[in-house]
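Q:
Protein chains: 2
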Amino acid sequence: MSTLHAIPRPVIERMVLYLRQCQRLEREGIDTVSSTELGEAIGASSAQVRKDLSFFGQFGQRGLGYPVQNLERALRPLLALDREWKVALVGAGNIGRALCTYRTFRERGFQIVALFDSDPRKEGCTWARLKVLPMSSLRRTVAELGIELGIIAVPVEAAQNVADQLVAAGVKGVLNFAPTHVTVPSGVAVRSVDLAVELEQLAFLVTRSSAP
Amino acid sequence: MSTLHAIPRPVIERMVLYLRQCQRLEREGIDTVSSTELGEAIGASSAQVRKDLSFFGQFGQRGLGYPVQNLERALRPLLALDREWKVALVGAGNIGRALCTYRTFRERGFQIVALFDSDPRKEGCTWARLKVLPMSSLRRTVAELGIELGIIAVPVEAAQNVADQLVAAGVKGVLNFAPTHVTVPSGVAVRSVDLAVELEQLAFLVTRSSAP
Chain C
0 MSTLHAIPRP VIERMVLYLR QCQRLEREGI DTVSSTELGE AIGASSAQVR
50 KDLSFFGQFG QRGLGYPVQN LERALRPLLA LDREWKVALV GAGNIGRALC
100 TYRTFRERGF QIVALFDSDP RKEGCTWARL KVLPMSSLRR TVAELGIELG
150 IIAVPVEAAQ NVADQLVAAG VKGVLNFAPT HVTVPSGVAV RSVDLAVELE
200 QLAFLVTRSS AP
Chain L
0 MSTLHAIPRP VIERMVLYLR QCQRLEREGI DTVSSTELGE AIGASSAQVR
50 KDLSFFGQFG QRGLGYPVQN LERALRPLLA LDREWKVALV GAGNIGRALC
100 TYRTFRERGF QIVALFDSDP RKEGCTWARL KVLPMSSLRR TVAELGIELG
150 IIAVPVEAAQ NVADQLVAAG VKGVLNFAPT HVTVPSGVAV RSVDLAVELE
200 QLAFLVTRSS AP
């Protein structure tokens, strides 16, 4: 697995999309897929697809395309998606509520097993069968339930503190929805989803494509 | 503006983050920022920062860093963020509800001015001061209110159809939250946010950093 360290992050991001596309094709009973078709489905060029997949070994045969089932079976364990992941969610606001009930997480092996909020007024409320717990029980709950991932859905001001607490509790990866950058020690992975930045980037793409 | 066509998408994505960081520094009364500091704040190397900013002209002076206010003022119009954008949201489910009430959108100039859902039972409900409208009024509403961007927050099965309807109504950019790829004609911009893919990519990063 050590060669995985060398794979650039954008490649990994696309690999996950290739896997999802293979699973869709399998469900539709399709046996083979060309690099052009795979690329179109995820918005990449066929050359990019071939280059990406070559990081992980030889999957396809020139001119014959990729056997969908083999590709799916090879990608799944590589991407660590052949297992279940337990997730703690911090922040019982509107975004947190939406994530708690987000069906696709569970379908893809991510189970939100604990929900935390620092507001004592929310304590004890139940959302999507999860009771809102106080932050003081984070460390114990993470250890007891074997939670490996944490989601931050709190306001900007609280995000770094929550990240620190998740890391101290032993979480190995953090998905941050607060629109700010959070820092974690090496050995812990972090990804940020800034919903407003997504709209800003879209606005810029719109401006660019309508530019003279 | 025509040179903007040549700027790679990851650069644009980071430019938005640079702008946000400059605005934060300005609020804190900080005058200059080094490429190292800017990089650290957004998770990029100082070399990457210098290279990115060079796409947009000469902002800084070697050894002196970037004047925060000048950089902010130069980036804002370039990124088309010196104006308001009107947004239509389709899908009055859990994700849609969270987006409707998402304060940061409004703070950054994105105003969700209309909310649509195909479920007649939701019609007429009011969320965050927005009445849920039927899809049949999409085209007229987009024209009347001058809506340029659309957000898709509907199940996978409905996503492409909603994208088609948004495009037909005259929307120029689509932000898709359904966990599937949607196709739009050239001249229309699209970005997808697949929340489960974000967790999948995080899981892979965790596996990679703990790999021997």
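Protein chains in written order, with numbering that gives the first Met the number 0: chain C, 0 to 211; chain L, 0 to 211.
Here a beta-carbon is modelled for each residue, glycine too, at the ideal position from N, C-alpha and C.
This one's a predicted model, so the numbers in the text were calculated from it and none came from an experiment.
Mind checking THR2 of chain C: buried by the 16 CB within 10 Å criterion, or exposed?
A: Residue placement at THR2 of chain C is poorly supported in this model, since its pLDDT is 49, which falls under 50; the coordinates are not used for a value here.
Q: According to the Cβ coordinates, are ALA152 of chain L and PHE203 of chain C closer than 8 Å?
A: No. Outside cutoff.
Q: Would you decide whether MET0 of chain L is buried or exposed? Buried here means 16 or more other CB atoms lie within 10 Å of its CB.
A: Any reading at MET0 of chain L must be qualified, since the residue scores a pLDDT of 35, below 50, and its modelled position is unreliable; no value is offered.
Q: Counting contacts by CB-CB distance shorter than 8 Å, is GLN164 of chain C in contact with chain L?
A: No, GLN164 of chain C does not count as interfacial toward chain L.
Q: Extract the residue ranges of the alpha helix (DSSP H) inside the region 67-142 of chain C, only unbroken runs of 4 or more that lie entirely within it.
A: Here the runs fully enclosed are 67-77, 93-99, 102-106.
Q: Is the CB of THR35 of chain C under 8 Å away from at least one CB in chain L?
A: By this cut-off, THR35 of chain C is not an interface position.
Q: Is there a Cβ of chain C sitting closer than 8 Å to that of LEU88 of chain L, yes or no?
A: Chain C, which has no Cβ nearer than 8 Å to the Cβ of LEU88 of chain L, makes this no.
Q: In angstroms, rounded to a whole number, what distance separates the CA positions of SER44 of chain C and LEU194 of chain L?
A: Their backbone Cα atoms lie some 23 Å apart in a straight line.
Q: Where does VAL192 of chain L land, buried or exposed, given buried means 16+ other C-beta within 10 angstroms?
A: Flag for VAL192 of chain L reads buried.
Q: If contacts are defined as beta-carbon pairs under 8 Å, then LEU52 of chain C and CYS21 of chain C qualify, I think. What distance do you get, rounded to the angstrom?
A: That belief does not hold up - the Cβ atoms of LEU52 of chain C and CYS21 of chain C are roughly 11 Å apart, past 8 Å.
Q: Are the Cβ atoms of GLY145 of chain C and VAL86 of chain C separated by less than 8 Å?
A: Taking 8 Å as the Cβ cut-off, GLY145 of chain C and VAL86 of chain C do not qualify as a contacting pair.
Q: If we count Cβ pairs, one from each stretch, closer than 8 Å, do we get three or more for the region 113-123 of chain L versus the region 133-145 of chain L?
A: Yes: the two stretches touch, three or more of their Cβ pairs being nearer than 8 Å.
Q: SER208 of chain L versus chain C: which residues are under 7 Å apart at the beta carbon?
A: Under the 7 Å cutoff, chain C gives GLY186, ALA188.
Q: Against PHE109 of chain L, what residues of chain C qualify as contacts under a CB-to-CB distance less than 9 Å, listed in chain order?
A: Result: ALA195, LEU198, GLU199, ALA202.
Q: Mind checking whether ASN175 of chain C and VAL189 of chain C have CB atoms under 8 Å apart?
A: Yes.
Q: Could you check whether the region 88-100 of chain C touches the region 9-29 of chain C, counting it as contact only if at least three pairs of C-beta atoms, one from each stretch, sit closer than 8 Å?
A: No contact exists between the region 88-100 of chain C and the region 9-29 of chain C.
Q: May I ask you to report which of helix, strand or coil DSSP gives LEU198 of chain L?
A: Looking at LEU198 of chain L - three-state DSSP - the assignment turns out to be helix.
Q: Please go through the same chain and pick out, in chain order, the residues whose beta-carbon is closer than 7 Å to the beta-carbon of ARG96 of chain C, but skip the five residues on each side of it.
A: Result list for ARG96 of chain C: TRP126, in chain order.
Q: Determine which residues share a DSSP beta bridge with SER185 of chain C and list them.
A: In DSSP, SER185 of chain C forms no bridge with anything.
Q: Return the residue from the list L:TRP84, L:VAL48, L:PHE104, L:THR100 that minimises the CA-CA distance to VAL196 of chain C.
A: Of L:TRP84, L:VAL48, L:PHE104, L:THR100, the residue nearest in Cα terms is L:PHE104.
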